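Protein chains: 2
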Amino acid sequence: MKLTDAKYKFIQEWGVLGSNWGINRAMAQIQALLLLSPKSLTTDEIMEELKMSRGNVNMNIRALIDWGLVFKEYKPGERKEFFYTEKDVWKITKQVAEERRKREILPVKQMLEEIEGIELGKSEEEKEFKKVTSEIQSFIGKMDGVLTKIASADKNWFLKVLMRLMN
Amino acid sequence: MKLTDAKYKFIQEWGVLGSNWGINRAMAQIQALLLLSPKSLTTDEIMEELKMSRGNVNMNIRALIDWGLVFKEYKPGERKEFFYTEKDVWKITKQVAEERRKREILPVKQMLEEIEGIELGKSEEEKEFKKVTSEIQSFIGKMDGVLTKIASADKNWFLKVLMRLMN
DNA sequence: TTTTATTTTCAGAAACTTTTGAAAGTTATA
DNA sequence: TATAACTTTCAAAAGTTTCTGAAAATAAAA
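Here the protein sequences line up with chains A and B, keeping their order.
If you're matching positions, the first sequence starts at 0 in numbering that gives the first Met the number 0 and goes up one per residue.
If you're matching positions, the second sequence starts at 0 in numbering that gives the first Met the number 0 and goes up one per residue.
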C-alpha cells in the first residue's frame, strides 16, 4: 500500500467514526486530513484533496474552530487563511469531552432538576417515575463531574488514572 | 406540572440525548417510556403512548433487544408480547459501553493495525503519518481497555473508581 | 383445518441533513 | 478609489434516515 492509499483509508474511517458520534462526515474528514498534514492547509487545498465544495469546507472548518479543534493561521505575504488542527490526542479528548458535556449532559441535567421539583402523588406510576429519575439524576451528576475533571486535568493525571483503572 | 407533562418532557429530552449519540430518536423514546413504566408494555401500548406506527415500534424494539437493553416477556393467557427495559443505570451504562466499543472502537483499531504494517519512506509527510497514526493507535488501545473493563466490572468497582477520580 | 391474533417486513412517503455553487460580502493591495 | 483575492452565505439539489401502513408471515385458538 502506498502512502496515498493509507491516507485516504484513514480519512474515510475517521469520517465513519465521526458520523457514529454525531459529528458530520465532512467535519471528521477535514480534521483527519489536517491531522496527517505536516503543514497547515488552505481552503483550496482541502477542497482539492477531499473533493468538496468551497461552501462545505468553509462551513465545516468553522464548526471545527467552534469545537476548539482547528485554528487559523496567517502567513506573512499570503492573503489566504491557513488551517491546522490540534494534534495532541490528549488535548483533542479534553476538548471533545468538554464540548459533549455542554451539548449533551447539561440539557438533561437541567431537565432533571426541573422534574425534581414536581410534587407527585403516591400512585405506582408516580413512585416509579420518582425513583427512576432520581437514579438517573445521581448518575448524570457523577458523569458531569468526571467530564469536568477530564476537561481540566493534565495528561499525566489522565495516564495515571488509566493505569490505576487497568491495574 | 402533572405527571403526564413531566413524563413527556423526560421522554422528549431522552430522545434528543439519544440522537446526539447516534441512537435514533424513536429508539431512545421507547426506552425512556419503558424506563418510567412500572409494568411491561405491549407494542400497541407503545404505539398509542408515543403516537408511532406499528412498523416503527417493532423495528426499534428489536434494535433495543439487539443492544441488550430491552427484554421480551410472555404472560400466561396472553398472546401479545410484553416488553420491559433494564432499569439499573449502571447495567445500562455497561451495555452501552460494550456496544459502542464493538461498533466504534474496534473498526478503527483494525484499520490502524492494517496501516501499522505499511513500510513508509522518509518524506516529511510519511514521517508525520507514522507519528500521528501511532499516537492514535496507542490512545485507542487504552480506550478499548477502559471500555472492556467497564463492560465486565461490577457496580462497586465503578463507584470506587469514580470516587478516586473525583478525590 | 380454518379462523383469528399477532408480529415482521418492506416499498414508498416524509422528514431531515448535507452539499453545491453562485452571488454577496469583506478585506487587502494597487 | 477601483480592482482583485478571498471568505461567507444561502437557496436549491442531492443524499440519507426514519417512519408509515398495508401486505405477508407466523403462531395460537377454535
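Beta carbons: idealized from backbone N, C-alpha and C, even for Gly.
Source: prediction; values computed, not measured.
Per-residue contacts from residue i into chain A (C-beta, under 7 Å)
{"i": "B/N19", "result": "G21, R102, E103"}
{"i": "B/K141", "result": "L161"}
{"i": "B/K148", "result": "L164, M165"}
Test: residue i CB closer than 9 Å to a CB of chain B
{"i": "A/F70", "result": "no"}
{"i": "A/I75", "result": "According to the sequence as given, residue 75 of chain A is Pro; it is not Ile. No - not a single Cβ of chain B is within 9 Å of the one on A/P75."}
{"i": "A/I167", "result": "Only positions 0 to 166 of chain A appear in this structure, which leaves residue 167 of chain A out of reach."}
{"i": "A/M46", "result": "no"}
{"i": "A/L34", "result": "yes"}
{"i": "A/G14", "result": "no"}
{"i": "A/V95", "result": "no"}
{"i": "A/R24", "result": "no"}
{"i": "A/R99", "result": "yes"}
Neighbouring residues, chain B, relative to residue i (Cβ below 9 Å)
{"i": "A/A5", "result": "E113, I114, I117, L119, F128, T132"}
Residue of the options minimising C-alpha distance to residue i
{"i": "A/E168", "options": "A/S18, A/M165, A/W13, A/S39", "result": "Only positions 0 to 166 of chain A appear in this structure, which leaves residue 168 of chain A out of reach."}
{"i": "B/N19", "options": "A/L146, A/P106, A/I64", "result": "A/P106"}
{"i": "B/L36", "options": "A/Y7, A/F138, A/K154, A/F128", "result": "One point to set straight first is that residue 36 of chain B is Ser, not Leu, in the sequence displayed. It is A/F128 whose Cα lies nearest to the Cα of B/S36."}
{"i": "B/K8", "options": "A/E112, A/D4, A/A152, A/E123", "result": "A/E112"}
{"i": "A/S133", "options": "A/L164, A/E47, A/K108, A/L68", "result": "A/K108"}
{"i": "A/T41", "options": "A/E115, A/F157, A/E77, A/K121", "result": "A/E77"}
{"i": "B/S137", "options": "A/R53, A/L161, A/Q11", "result": "A/L161"}
{"i": "A/A150", "options": "A/I91, A/E115, A/N57", "result": "A/I91"}
{"i": "A/I135", "options": "A/I22, A/I114, A/P75", "result": "A/I114"}
{"i": "B/N55", "options": "B/Y73, B/E72, B/A27, B/K79", "result": "B/A27"}
{"i": "B/I139", "options": "B/D153, B/N23, B/N57, B/M110", "result": "B/M110"}
{"i": "A/E155", "options": "A/K93, A/R102, A/M51", "result": "At residue 155 of chain A the sequence reads Asn, which differs from the Glu that was named. Looking at the Cα atoms, A/K93 is the closest of the given residues."}
{"i": "A/R102", "options": "B/D4, B/K6, B/A5, B/E12", "result": "B/E12"}
{"i": "B/L49", "options": "B/I10, B/E124, B/A62", "result": "B/I10"}
{"i": "B/A62", "options": "B/R53, B/E47, B/N23", "result": "B/N23"}
{"i": "A/D4", "options": "B/E98, B/E125, B/M51", "result": "B/E125"}
{"i": "A/A152", "options": "A/K130, A/E97, A/S122", "result": "A/E97"}
Chain A within 9 Å of residue i, Cβ atoms only
{"i": "B/R163", "result": "yes"}
{"i": "B/V88", "result": "yes"}
{"i": "B/L2", "result": "yes"}
{"i": "B/T41", "result": "no"}
{"i": "B/G67", "result": "no"}
Contact check, residue i vs residue j, beta carbons under 9 Å
{"i": "B/L34", "j": "B/R100", "result": "no"}
{"i": "B/I104", "j": "B/M142", "result": "yes"}
{"i": "A/N59", "j": "A/A25", "result": "yes"}
{"i": "B/W66", "j": "B/V95", "result": "yes"}
{"i": "A/I29", "j": "A/I45", "result": "yes"}
{"i": "A/L68", "j": "B/G144", "result": "no"}
{"i": "B/I21", "j": "A/G14", "result": "The residue asked about is misnamed: residue 21 of chain B is Gly in this sequence, not Ile. Contact flag unset, no."}
{"i": "B/F2", "j": "A/L16", "result": "According to the sequence shown, residue 2 of chain B is Leu rather than Phe. Their beta carbons are not under 9 Å apart, which means B/L2 does not touch A/L16 by this criterion."}
{"i": "A/F82", "j": "A/K74", "result": "no"}
{"i": "A/K79", "j": "A/D43", "result": "yes"}
Neighbour list for residue i in chain A, Cβ cutoff strictly below 8 Å
{"i": "B/E123", "result": "P37"}
{"i": "B/V56", "result": "Correct list: empty, because the minimum Cβ distance to chain A is about 21 Å."}
Chain-ordered chain B contacts of residue i [CB-CB under 8 Å]
{"i": "A/M110", "result": "K8, F9, E12"}
Under 9 Å from the C-beta of residue i: neighbouring residues of chain A
{"i": "B/V107", "result": "E12, W13, V15, L16"}
Residues that residue i contacts on chain B, provided the C-beta gap is smaller than 7 Å
{"i": "A/F138", "result": "V88"}
Run through the region 50-86 of chain B for me and flag every whole alpha helix (DSSP H) of 4 or more residues, listed as ranges in chain order. 53-65
Contiguous alpha helix (DSSP H) assignments of at least 4 residues, all confined to the region 15-53 of chain B: With a minimum length of 4 residues, the continuous alpha helix (DSSP H) runs that stay inside the region 15-53 of chain B are 24-35, 42-49.
Quick check on the DSSP output: what are the complete beta strand (DSSP E) runs of length 3 or more inside the region 122-165 of chain B, in order along the chain? none
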